[in-house]
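2 protein chains.
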Amino acid sequence: MKLLEDRIKKDGEVLDGDVLKINSFLNHQVDPQLMMQCGEEFKRLFADQKIDKVLTCEASGIAPGVMTAYVLDVPMVFARKKKPSTLNDAVYWADVFSYTKKVNNKICVEEKLLHKGENLLIIDDFVAQGEAVKGMVNIAKQAECNIVGVGAVVAKTFQGGSDWVKQHGLHFEALASIDSFKDGQVHFGKEN
Amino acid sequence: MKLLEDRIKKDGEVLDGDVLKINSFLNHQVDPQLMMQCGEEFKRLFADQKIDKVLTCEASGIAPGVMTAYVLDVPMVFARKKKPSTLNDAVYWADVFSYTKKVNNKICVEEKLLHKGENLLIIDDFVAQGEAVKGMVNIAKQAECNIVGVGAVVAKTFQGGSDWVKQHGLHFEALASIDSFKDGQVHFGKEN
Chain A
1 MKLLEDRIKK DGEVLDGDVL KINSFLNHQV DPQLMMQCGE EFKRLFADQK
51 IDKVLTCEAS GIAPGVMTAY VLDVPMVFAR KKKPSTLNDA VYWADVFSYT
101 KKVNNKICVE EKLLHKGENL LIIDDFVAQG EAVKGMVNIA KQAECNIVGV
151 GAVVAKTFQG GSDWVKQHGL HFEALASIDS FKDGQVHFGK EN
Chain B
1001 MKLLEDRIKK DGEVLDGDVL KINSFLNHQV DPQLMMQCGE EFKRLFADQK
1051 IDKVLTCEAS GIAPGVMTAY VLDVPMVFAR KKKPSTLNDA VYWADVFSYT
1101 KKVNNKICVE EKLLHKGENL LIIDDFVAQG EAVKGMVNIA KQAECNIVGV
1151 GAVVAKTFQG GSDWVKQHGL HFEALASIDS FKDGQVHFGK EN
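Taken in order, these protein sequences are the chains called A and B. In this text, residue positions in the first sequence follow this note's numbering: the first is 1, and each later residue adds one. In this text, residue positions in the second sequence follow this note's numbering: the first is 1001, and each later residue adds one.
Quick look at the structure:
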């Protein structure tokens, strides 16, 4: 998605450790028009699939997730990183390993929000090692849902997450695929 | 907003301790069409104001916040509850007291995302005691922004948060104002 690549080139910051900071339009400040365009692009890329629900993860997945759900006219569920006090019903849990902090965190989704046989599109803002996606796939499988695909706004294809998704037979689409940060610059691949 | 009140009556669950759980369309599963309608209603209610940016708080504020920003055609910033590893620049911090857990949590916004003199519309999903709103007002003041108003998707008007906002001279709007949960039922006030 050229619009997104151009924006990453213009506003993204490459930090040490192959980290891309895009706080000005995705991860802290959000450009809602761009998020809507991402949603429309996901709709186009998964147009051959029946989608009943979008599954994403708080916090940065919510903006692209809700816009994708809006254009698909389906509900969106966001996995929570803590079980809130109002979450008094049974939940599905999954581990999400944090490479930054070297600890297992957990995400959860209330059981009654996912139904057996439902067709889920998983949306994430960033797929690097793909730990959040692995957690969402785990939860979708516990709920016996069908995963119609995984859509990433940005994928760092050299960190294994996108390969993991494809190796598990899932349809993977990234709106911007980053191959490397050689010389402190963002280098895009051909997948978008 | 009658559509929202009807939805709360239909799908909301009143729990002990004057807690309203609306996980099926706002706080865990999200109805994106309803969120867009909330955004349009906030635009109408604050139509007399110049708005440069929407400020909200992760996680449940993001969906109504980004839809409001979409219809206003302005950026949205969500305050973070933890400082992420990529947030390497200076941030504004504010305390947010948790009545459930009796502890002070913190929220933060990167300084360079808020500019002196900018006109901010603060959006929150739920205003009860209003602690998250107080934190966002605090941050907006640190940044020397103008607060053009505070919009709540749902306000529990008997818990003080909406009064606090008005007592501080701020324009307050709630799309659904709950006066009480007498007899385990949701009773709406006249403000919406």
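Think of the CB as a built atom: it goes at the ideal place given N, C-alpha and C, for glycine as much as any other residue. What you are looking at is a predicted structure, and each value in this text was computed from that prediction instead of being measured.
Look at the region 1172-1188 of chain B: it has no residue with a C-beta under 9 angstroms from a C-beta of chain A. Taking a Cβ-Cβ cut-off of 8 angstroms, residue 1092(B) has no neighbours in chain A, whose nearest Cβ is about 12 angstroms from it. Rounded to whole angstroms, the separation of the alpha carbons of residue 184(A) and residue 170(A) is 31 angstroms.
Taking residue 21(A) as the centre and dropping the five residues before and after it, the same chain places the C-beta of 13 and 15 closer than 6 angstroms to its C-beta, in chain order. Ranking 115(A), 45(A), 105(A) and 38(A) by CA distance to the CA of residue 75(A) puts 115(A) first. For residue 124(A), the enclosing beta strand (DSSP E) has its first and last residue at 119-127. Under the 8 angstroms Cβ criterion, the region 106-114 of chain A counts as touching the region 1021-1033 of chain B, having at least three qualifying pairs.
According to the DSSP assignment, residue 56(A) belongs to the beta strand (DSSP E) that extends over 53-57. Residues of the region 89-113 of chain A whose Cβ lies closer than 9 angstroms to any Cβ of chain B, in chain order: 89, 100, 101, 109, 110, 112 and 113. Judged by their CB atoms, residue 121(A) and residue 55(A) are nearer to each other than the 9 angstroms cut-off. In this chain, the beta strand (DSSP E) harbouring residue 1149(B) covers 1146-1156. Taken atom to atom, the span from the alpha-carbon of residue 6(A) to that of residue 50(A) is near 31 angstroms. For residue 103(A), the number of other beta carbons within 10 angstroms of its own is below 16, and it is reported as exposed. Between residue 135(A) and residue 157(A) a beta carbon distance of about 20 angstroms is seen, past the 8 angstroms cut, so the two are scored as non-contacting. Boundaries of the beta strand (DSSP E) around residue 76(A): 76-79. Here the region 1060-1072 of chain B lies against the region 57-71 of chain A, with 3 or more beta-carbon pairs under 8 angstroms apart. Cβ atoms of residue 124(A) and residue 61(A) come within 8 angstroms of each other, at about 5 angstroms. Identification of chain B residues near residue 77(A) by a Cβ-Cβ cut-off of 9 angstroms yields 1028, 1029 and 1030, ordered along the chain. If you look at residue 1177(B), you'll find it in the beta strand (DSSP E) that goes 1172-1180.
Residue 1048(B) and residue 88(A) have their alpha carbons spaced roughly 41 angstroms apart. Between residue 1168(B) and residue 45(A), the alpha-carbon positions lie close to 48 angstroms from each other. Beta-bridge pairing by DSSP links residue 1092(B) to 1109(B).
In this structure residue 1079(B) is in contact with residue 1057(B), their Cβ atoms being roughly 4 angstroms apart against a cut-off of 8 angstroms. Closer than 9 angstroms to the CB of residue 80(A) there is at least one CB belonging to chain B. Listed in chain order, the beta strand (DSSP E) runs fully inside the region 1005-1043 of chain B are 1013-1015 and 1019-1021, counting runs of at least 3 residues.
In this structure residue 151(A) is buried. Its beta-carbon is surrounded by 16 or more other beta-carbon atoms within 10 angstroms. Residues of chain B with a Cβ closer than 9 angstroms to the Cβ of residue 62(A) are, in chain order, 1030, 1058, 1059, 1060, 1062, 1063, 1066 and 1078.
Of 92(A), 84(A), 132(A) and 1(A), the smallest CA-CA separation from residue 144(A) is found for 92(A).
A straight line joining the alpha-carbon of residue 1002(B) with that of residue 1176(B) spans about 8 angstroms. Using a Cβ-Cβ cut-off of 9 angstroms, residue 1033(B) counts as an interface residue toward chain A, since at least one Cβ of chain A sits closer than that to its own.
When C-alpha distances from residue 1154(B) are compared across 1139(B), 1164(B) and 1179(B), the shortest belongs to 1179(B). Out of 1017(B), 1032(B) and 1018(B), the CA that lies nearest to the CA of residue 1024(B) is found in 1032(B). In this structure, residue 1162(B) sits near residue 1127(B), with a CB-CB distance shorter than 9 angstroms.
Residue 153(A) has a beta carbon lying at 9 angstroms or more from every beta carbon in chain B. A residue is called buried once 16 or more other Cβ atoms fall within 10 Å of its Cβ, and residue 1149(B) is buried on that count. Residue environment analysis places residue 1182(B) among the exposed positions, since fewer than 16 neighbouring C-beta atoms fall within 10 angstroms of its C-beta.
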